[in-house]
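Protein sequences appear in the order of chains A and B.
Per our numbering, numbering through the first sequence is continuous, rising by one, with the last residue being 170.
Per our numbering, numbering through the second sequence is continuous, rising by one, with the last residue being 300.
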Amino acid sequence: MTVDGTDYTDDVEPRTLLVHHLREALGLTGTNVGCDTSNCGACTVHVDGQSVKSCTMLAIQADGREVLTIQGLADTWDGEGSLHPLQQAFHEAHALQCGYCTPGMIMASLDLLAENPDPSDDEVRHGLEGNLCRCTGYQNIVKAVRAAAVQIRQGSTKSQEVPA
Amino acid sequence: MIPASFDYVAPTSVDEVVSTLAEHGDDAKVLAGGHSLLPLMKLRFAVPAMVVDIGRVEELRGVRDAGDHLAIGAGTTHHEIVHDPLVRQHCGLLAEATSMVGDAQVRHRGTIGGATAHGDSAGDLPAVVSALEGTFVAQGPGGRREIAAADFFQGYLETALAADEVLVEVRIPKHDGWGFAYEKFNRVAQAWAIVGVAALVRRENGSVAEARIGLTNMGAVPVRATASEEALAGADRTEDAIRAACQHAADGTSPPADLSAQPDYRQHLARVLSARAVARATG
Ligand SMILES: Cc1cc2nc3c(=O)[nH]c(=O)nc-3n(C[C@H](O)[C@H](O)[C@H](O)COP(=O)(O)OP(=O)(O)OC[C@H]3O[C@@H](n4cnc5c(N)ncnc54)[C@H](O)[C@@H]3O)c2cc1C
Ligand code: FES
Ligand code: FES
Numbered sequence: 007m008t009v010d011g012t013d014y015t016d017d018v019e020p021r022t023l024l025v026h027h028l029r030e031a032l033g034l035t036g037t038n039v040g041c042d043t044s045n046c047g048a049c050t051v052h053v054d055g056q057s058v059k060s061c062t063m064l065a066i067q068a069d070g071r072e073v074l075t076i077q078g079l080a081d082t083w084d085g086e087g088s089l090h091p092l093q094q095a096f097h098e099a100h101a102l103q104c105g106y107c108t109p110g111m112i113m114a115s116l117d118l119l120a121e122n123p124d125p126s127d128d129e130v131r132h133g134l135e136g137n138l139c140r141c142t143g144y145q146n147i148v149k150a151v152r153a154a155a156v157q158i159r160q161g162s163t164k165s166q167e168v169p170a
Numbered sequence: 018m019i020p021a022s023f024d025y026v027a028p029t030s031v032d033e034v035v036s037t038l039a040e041h042g043d044d045a046k047v048l049a050g051g052h053s054l055l056p057l058m059k060l061r062f063a064v065p066a067m068v069v070d071i072g073r074v075e076e077l078r079g080v081r082d083a084g085d086h087l088a089i090g091a092g093t094t095h096h097e098i099v100h101d102p103l104v105r106q107h108c109g110l111l112a113e114a115t116s117m118v119g120d121a122q123v124r125h126r127g128t129i130g131g132a133t134a135h136g137d138s139a140g141d142l143p144a145v146v147s148a149l150e151g152t153f154v155a156q157g158p159g160g161r162r163e164i165a166a167a168d169f170f171q172g173y174l175e176t177a178l179a180a181d182e183v184l185v186e187v188r189i190p191k192h193d194g195w196g197f198a199y200e201k202f203n204r205v206a207q208a209w210a211i212v213g214v215a216a217l218v219r220r221e222n223g224s225v226a227e228a229r230i231g232l233t234n235m236g237a238v239p240v241r242a243t244a245s246e247e248a249l250a251g252a253d254r255t256e257d258a259i260r261a262a263c264q265h266a267a268d269g270t271s272p273p274a275d276l277s278a279q280p281d282y283r284q285h286l287a288r289v290l291s292a293r294a295v296a297r298a299t300g
């Protein structure tokens with residue numbers, strides 16, 4: 007499988023979960039395990055461009071597929087080392103406290119914005135219903151996603167006013 | 018949590034799936050989206066010796082226009098169904114209800130075949146397919162057979178599928194011109210329905226000609242609210258008439274008791290939600 011643009015060839019036991027393969031075999035610990043029961047979304051990565059909970063998928067099911075984790079996200083943007091607008095906006099809008107949910111929250115938001123480039127507050131809340139945050143109360147996450155949406159639409163990483 | 022060890026195959030044709038199932042009998046389990054099976058395997062409630070992944074069988078995927086019905090491949094994901102133009106045009110109820118299943122990540126992996134073959138009457142799709150009077154197509158060593166929705170669901174987590182059969186297709190009759198609504202009641206986002214109601218209404222000359230109501234999580238199998246359906250046939254499209262008919266929505270049901278609700282509360286919900294769903298479907 008390809009992970010964050012790098013090809014990997016490994017033998018895996020069929021029962022290995024994708025998230026364990028990423029973290030333990032490939033050392034990509036940016037993706038977190040929260041609930042381990044497909045509820046919290048902390049383990050969200052993209053497989054062939056769609057958000058999935060990697061604690062509820064076997065590594066072998068991703069054989070031959072393209073996986074994108076939070077660690078490869080910035081490289082998909084301008085290739086010059088800048089953060090992806092979602093990462094930048096989460097930082098600027100104070101959309102994290104402990105940060106545990108953040109990798110999954112950002113990967114789920116990326117999918118949300120691919121489907122709906124200009125979501126309302128309600129649409130962001132609804133679109134992220136598969137991701138739980140125990141710290142922030144979600145308010146700033148919604149702001150960050152909407153701010154990133156503006157930047158992505160403009161194709162720029164420059165800082166932007168948070169929409170009211 | 019890690020599943021117990023198992024052997025794994027990922028065939029690319031239905032014939033190979035069937036021959037693998039025939040060879041391994043009860044030891045084998047079909048894996049589709051894995052969003053019901055993998056959690057059970059992680060808890061070691063399910064310990065199959067052989068997992069047959071159907072995720073690479075292309076012929077099980079996609080929606081086809083088959084004249085009077087849509088033929089939906091069992092491996093078609095919830096996400097694909099929600100966005101499919103044919104489903105939206107001819108079977109809007111299925112698109113609406115599927116958009117309320119789980120969350121975006123769940124809908125990217127879960128399939129219509131898995132959500133029905135699992136036979137969980139708390140899932141949204143069994144009641145929806147019942148209301149739409151769909152037909153399931155299964156393939157086993159002896160070939161293909163068709164099973165009407167009314168005969169498919171046999172008990173809690175039990176369906177008419179034999180261990181050596183794979184569900185290949187769900188056929189949904191086109192419901193052009195029918196009004197529809199799915200009302201799902203739950204306490205928090207992303208949660209399963211405490212009760213769900215799927216309503217379909219065909220209108221004629223300003224009144225209700227025919228109505229169908231499927232109930233989620235009101236028994237071991239999806240239930241049809243037949244008493245209300247009968248009361249609605251020929252009824253006026255008024256709020257009073259709909260509410261009176263839906264007073265019978267829970268007649269004859271024996272819903273489960275769990276942390277979320279007791280049976281009498283579920284029956285109350287079934288009556289209220291049926292009235293809401295039918296009112297919306299009547300438009
Ligand atoms: C967090 C979360 C929330 C969810 N919320 C909801 C919800 O709100 N509403 C809802 O309805 N569902 C919900 N689900 C369940 C979801 O819809 C599942 O995807 C679905 O029930 C099972 O589909 P699957 O493709 O993942 O099947 P799998 O998990 O792969 O399989 C389920 C069962 O069906 C069998 N099976 C699968 N495909 C076939 C086939 N073609 N032929 C024969 N047997 C087959 C398997 O052997 C297994 O026994 C939720 C799941 C999760 C993890
Ligand atoms: S760890 Fe995968 S959803 Fe919580
Ligand atoms: S920032 Fe702590 S869980 Fe979201």
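Quick reminder that beta carbons are idealized off the backbone N, C-alpha and C, glycines included.
Check                                                                                                                                                                                 : Outcome
Report whether the distance from the Cβ of ASP101(B) to the nearest heavy atom of ligand 2 is below 7 angstroms.                                                                      : no
Across the region 123-131 of chain B and the region 40-50 of chain B, are there enough close Cβ pairs to call them in contact, namely three or more that are closer than 8 angstroms? : yes
Which of the residues in the region 120-131 of chain A, read from start to end, lie with their CB under 7 angstroms from any CB of chain B?                                           : none
Which residue from HIS96(B), ALA248(B), VAL183(B) puts its Cα closest to that of GLU76(B)?                                                                                            : VAL183(B)
Would you report the Cα separation of ALA261(B) and LEU290(B), rounded to the nearest angstrom?                                                                                       : 13 angstroms
Below 8 angstroms on the Cβ atoms is my guess for ILE98(B) versus ALA112(B); work out the distance and round it to an integer in Å.                                                   : 7 angstroms
Give a yes or no on whether the minimum CB-CB distance between GLY133(A) and chain B is below 8 angstroms.                                                                            : yes
Residues bridged to ILE230(B) by DSSP?                                                                                                                                                : ALA216(B)
Nearest by alpha-carbon distance to PHE197(B): which of ASP137(B), ALA83(B), GLY109(B), GLU33(B) is it?                                                                               : GLY109(B)
Taking Cβ positions, are LYS46(B) and PRO20(B) nearer each other than 8 angstroms?                                                                                                    : no
Output the residues surrounding ligand 3, defined as those with a CB atom closer than 5 angstroms to any ligand heavy atom, in chain order.                                           : LEU102(A), GLN103(A), CYS104(A), TYR106(A), CYS107(A), CYS139(A), ARG140(A), CYS141(A)
Please compile the residues from chain A whose C-beta is within a distance smaller than 8 angstroms of the C-beta of ASP141(B).                                                       : Per Cβ cutoff of 8 angstroms: no residues; ASP141(B) is ~15 angstroms from chain A at best.
Could you spell out the range, first to last residue, of the alpha helix (DSSP H) harbouring GLY78(A)?                                                                                : 76-79
Hey, how far is the Cα of PRO280(B) from the Cα of GLN160(A)?                                                                                                                         : 53 angstroms
What is the rounded straight-line gap between the Cα of ASP168(B) and the Cα of ALA298(B)?                                                                                            : 26 angstroms
Check whether the Cβ of PRO56(B) sits closer than 7 angstroms to any heavy atom of ligand 1, and report yes or no.                                                                    : yes
At the 8 angstroms Cβ level, is TYR25(B) part of the contact set with chain A, yes or no?                                                                                             : yes
Are the region 19-35 of chain B and the region 107-120 of chain A in contact at 8 angstroms, needing three or more beta carbon pairs?                                                 : no
When the distance is taken between beta carbons, is ASP137(B) closer than 8 angstroms to LEU103(B)?                                                                                   : no
For ARG21(A), would you say it is in contact with chain B, using Cβ-to-Cβ distances shorter than 8 angstroms as the test?                                                             : yes
Closer than 8 angstroms is the cut-off here; do at least three beta carbon pairs connect the region 70-86 of chain A with the region 130-148 of chain A?                              : no
Assign ASN45(A) to one of two classes, buried (16 or more other C-beta atoms within 10 Å of its C-beta) or exposed (fewer than that).                                                 : buried
Find the nearest neighbour of GLY269(B) within the set VAL240(B), ASP275(B), ALA258(B), judged by alpha-carbon distance.                                                              : VAL240(B)
Using a cut-off of 9 angstroms between C-beta atoms, extract the partners of THR108(A) located in chain B.                                                                            : By Cβ distance, chain B contributes nothing, its closest Cβ being about 16 angstroms from THR108(A), past 9 angstroms.
How about ILE158(A) and PRO123(A): do their beta carbons lie closer than 8 angstroms?                                                                                                 : yes
Buried or exposed: which applies to GLY42(B), given that a residue is buried once 16 or more other Cβ atoms fall within 10 Å of its Cβ?                                               : exposed
Could you round the C-beta distance between GLU200(B) and ALA274(B) to whole angstroms and report it? I think they count as a contact, below 8 angstroms.                             : 21 angstroms between Cβ atoms; not a contact.
Can you give me the C-alpha to C-alpha distance between VAL64(B) and VAL238(B), rounded to a whole angstrom?                                                                          : 24 angstroms
Give the residues whose C-beta lies closer than 6 angstroms to at least one heavy atom of ligand 2, in chain order.                                                                   : VAL39(A), GLY40(A), CYS41(A), ASP42(A), SER44(A), ASN45(A), CYS46(A), GLY47(A), ALA48(A), CYS49(A), LYS59(A), CYS61(A)
Return the residue from the list PRO56(B), PHE62(B), ARG73(B) that minimises the CA-CA distance to LYS59(A).                                                                          : PRO56(B)
Which residue from ARG152(A), ASN146(A), LEU28(A), GLY36(A) puts its Cα closest to that of ALA99(A)?                                                                                  : ASN146(A)
Are the CB atoms of GLY231(B) and SER116(B) within a distance shorter than 8 angstroms?                                                                                               : no
In whole angstroms, give me the CA-to-CA distance for GLN94(A) and ALA154(A).                                                                                                         : 8 angstroms
How should ARG21(A) be labelled, buried or exposed, when 16 other C-beta atoms within 10 angstroms of its C-beta is the threshold for buried?                                         : buried
For the region 35-64 of chain A, which residues have a CB atom closer than 9 angstroms to at least one CB atom of chain B, in sequence order?                                         : ASP42, THR43, SER44, ASN45, GLY47, THR50, VAL53, GLN56, SER57, VAL58, LYS59, CYS61, THR62, MET63, LEU64
Any Cβ of chain B within less than 8 angstroms of the Cβ of ALA114(A)?                                                                                                                : yes
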